[in-house]
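Colleague: Taken in order, the sequence shown gives residues -41 to -1, 1 to 339; the numbers are from mature numbering (1 follows the signal peptide of the UniProt record, and there is no 0).
Dropping a structure here in structure tokens format, bear with me for questions.
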Amino acid sequence: MTRKNTNKQYSLRKLKKGTASVAVALSVLGAGLASHHTVQASEDITKMMPILSGVGSAIDSDISADTLAKNMTKPEAIEKTIQVGREYKQGLYDQLVRNKKLEEDLRIKGLLADAASLRAKSAERELQELEVEYNQVEAEKTALESRKAELESALEGAMNFSAEDSARIKALEAEKTALESRKAELESALEGAMNFSAEDSARIKALEAEKTALESRKAELESALEGAMNFSAEDSARIKALEAELAETNAKVEKLEEEKQILEASRKRTNRDLETVRNAKKATEAELAETNAKVEKLEEEKQILEASRKRTNRDLETVRNAKKEVDAELAKLKAEAEALKEQLAKQAQEIEKLKDSKEASPKAPESPKTPEKPEVTPKD
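Dropping the structure here:
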């Protein structure tokens, strides 16, 4: 029996030593996390880092084995510690969900930044195209204005030439009329001279010579007049063509001026849009950089929390195993205590029987043997 009790004491001391570090961790974790179990899931998980960091250092602390064993035999303390561990694990899960949401937001912001960059490039290309088109319109307008000046100069010269030609035509027509009148006079004089005498023959010949000269001059005048008339008609057609071309040129210049104004307004608007896109792109890039920094920081915290979670899971598993061993040891001790109680009860009954036998016997019987003292496991 003594050997059996010694084995029990050795097993209990071994159990106490084996679970000492776990009990320390549970004591610190239970005391620390229990006071913080009301922390909301939305609260920054980093606030719990000092508590978690205390677990590792507490494992190596020097705490009485009796205190550890006493704490290990309290199911409510173990259950409370496990509950706090579950809440902490849920907090880690919530933080993981928030991290995933943040990563999704970061991905969306990256897509928005890419879209803003594409819009900026598109606006720049559109602005370049508008500037090229604007320069083309400017060149075409300059060419048309030069052509307009040439047409106006040619039209002015043609109109001056036409006025001079009209005066010439009028002079030729007046000269023709005078010649025709003179011819008629000569013919009348010649007809009258036919009745004259021979003395007047020289006069007649002179008149005929003058008539011939006048007819030749008349022919020249008619030819010149006809040429002047034809030239005037061609020049009038040319003037009309020039006027039509000038009107068309003026219309094109006005249209180009309108297009120029539209393009200028569009260019200014595009410049404003481009500036807005650039500012938005800068803001998005700054926000993206800030978010990346936050993600990196959260990633570091996530790794720390993941390591802490794994360590906590290992500690909780160790606690569960230790609790099972403690429960088994308690059940075993309880069974042994029941056996001792039964043994004590039997010994008490035997003692009572011996006393009764001694009182009933007239002779002094031999003194009974002293019953063995029941063995009781000493308390640590």
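Cβ atoms here follow ideal geometry from the backbone N, Cα and C, with glycine treated the same way.
Since we're looking at a predicted model, the values are computed, not measured.
1. Would you check if there are 3 or more beta carbon pairs closer than 8 Å linking the segment 267 to 285 to the segment 106 to 113?
2. To the nearest angstrom, report how far apart A319 and E297 are at their CA atoms.
3. Just mark Y47 as buried or exposed, buried being the case when its beta carbon has 16 or more other beta carbons within 10 Å.
4. Taking only the alpha-carbon atoms, compute the straight-line gap between L257 and T250 and give it to the nearest angstrom.
5. So, for S76: in the same chain, excluding its five sequence neighbours on each side, which residues have a beta-carbon less than 7 Å away from its beta-carbon?
6. List the whole-angstrom C-beta distance separating V254 from L65, where the pair is believed to meet the contact cut-off of C-beta under 8 Å.
7. Return the chain-ordered list of same chain residues with a C-beta closer than 8 Å to the C-beta of E181, the five sequence neighbours on each side being excluded.
8. If we call anything under 8 Å between Cβ atoms a contact, is residue 349 one with Y93?
9. Between the C-alpha atoms of E309 and S316, what's the straight-line distance to the nearest angstrom?
10. Report back the beta-carbon spacing between V236 and R57 to the nearest angstrom; my notes put them in contact at under 8 Å.
11. Going by CA-CA distance only, name the one from A266, S175, E83, E207 that's closest to R231.
12. With 16 as the cutoff for other CB atoms within 10 Å, does K282 come out buried or exposed?
13. Closer than 8 Å is the cut-off here; do at least three beta carbon pairs connect the segment 93 to 105 with the segment 278 to 295?
14. Determine whether the beta carbon atoms of L51 and T229 lie at a separation below 8 Å.
15. In whole angstroms, what separates the C-alpha of S195 from that of L173?
16. Are K100 and L205 touching if we call contact CB-CB under 8 Å?
17. Taking L247 as the reference, give the member of D53, G44, L233, E63 with the closest Cα.
18. For L264, tell me which candidate among D53, A72, E301, A178 has the shortest Cα-Cα distance.
19. Who are the near neighbours of residue 346 in its chain, counting only those whose CB is closer than 7 Å to its CB and skipping five residues on each side?
20. Quick check: the Cα distance between K219 and L233, rounded to an integer number of angstroms?
21. My guess is that T243 and K60 are in contact by the Cβ rule of under 8 Å, so how many angstroms apart are they, rounded?
22. For a quick check, are the C-beta atoms of K177 and L215 less than 8 Å apart?
23. State the DSSP-derived secondary structure class of A319, mapped to helix, strand or coil.
24. Which residues in the same chain as L86 place their Cβ atom closer than 8 Å to its Cβ, once the five residues preceding and following it in sequence are excluded?
25. Please report the distance separating the alpha-carbon of A210 from that of E202.
26. Whole angstroms is fine: what's the gap from S(-15)'s alpha carbon to Q302's?
Modeller: If we stick to the structure as given:
1. no
2. The straight-line gap separating the alpha-carbon atoms of A319 and E297 is approximately 33 Å.
3. buried
4. Each residue's CA atom was taken as its position, placing L257 and T250 some 10 Å apart.
5. In its chain, beyond the 5 residues on either side, K240 have a beta carbon closer than 7 Å to the beta carbon of S76.
6. Taking the Cβ atoms as the reference, V254 lies roughly 6 Å from L65, within the contact range of under 8 Å.
7. K135
8. The structure shown does not extend to residue 349, since the chain is modelled only from -41 through 339, so no value can be given for it.
9. 10 Å
10. Contact between V236 and R57 does not hold, since their C-beta atoms are separated by about 31 Å, which reaches or exceeds 8 Å.
11. E83
12. buried
13. no
14. When the beta-carbon positions are compared, L51 and T229 stay at least 8 Å from each other.
15. Rounded to the nearest angstrom, the two C-alpha atoms are 32 Å apart.
16. no
17. E63
18. D53
19. For the chain, the structure presents residues -41 to 339; residue 346 sits outside this window and is missing.
20. 20 Å
21. Not really, about 19 Å apart at Cβ, beyond 8 Å.
22. no
23. helix
24. R226, T229, N230, L233
25. 12 Å
26. Note that S(-15) scores a pLDDT of 46, beneath 50, so its modelled location is shaky; the value from the coordinates is reported in the next line. The alpha-carbon atoms of S(-15) and Q302 are separated by roughly 39 Å.
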